[in-house]
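A.B. asks:
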Amino acid sequence: MLKAQDNWLLFLPRYSPDLNPIEMAFSKLKTLIRKAAARTYEQLWQVVGHVCNLFTEEECYNFFKAAGYETE
183 MLKAQDNWLL FLPRYSPDLN PIEMAFSKLK TLIRKAAART YEQLWQVVGH VCNLFTEEEC
243 YNFFKAAGYE TE
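Numbering (the working numbering), first residue to last: 183 to 254.
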């Protein structure tokens with residue numbers, strides 16, 4: 183049924199961070215938050231808001247591409 187609709191099914195191991203685009207995004211997110219060195223709760227939320235805006239559409243696209251997903 184999937185092939186008839188030109189779709190594909192990819193079975194993943196239980197834990198496979200290299201094949202999970204969100205793991206790549208979270209890795210970058212954590213790195214940028216650590217670099218900001220926020221010391222209060224309010225500063226942390228400001229940094230999170232700023233850092234989330236640093237993710238471009240192209241970069242998110244590349245996270246999926248690097249994880250092996252068809253992006254076209």
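Note that beta-carbon positions come from the ideal geometry of N, C-alpha and C, so glycine has one too. Small disclaimer: the values here were computed from a predicted structure and weren't measured.
State yes or no: is the C-beta of V233 within less than 8 Å of the C-beta of I215?
C.D. replies: Closer than 8 Å, so yes.
A.B. asks: When we look at the beta-carbon of A219 and count the other beta-carbons within 10 Å, is it buried (16 or more) or exposed?
C.D. replies: It counts as exposed.
A.B. asks: Whose C-beta lies closer than 7 Å to the C-beta of N202 among residues of the same chain, with five residues either side of it excluded?
C.D. replies: The answer, listed in chain order, is A249.
A.B. asks: Would you kindly report the start and end of the unbroken alpha helix (DSSP H) that includes P203?
C.D. replies: Counting along the chain, the alpha helix (DSSP H) containing P203 begins and ends at P203 to A218.
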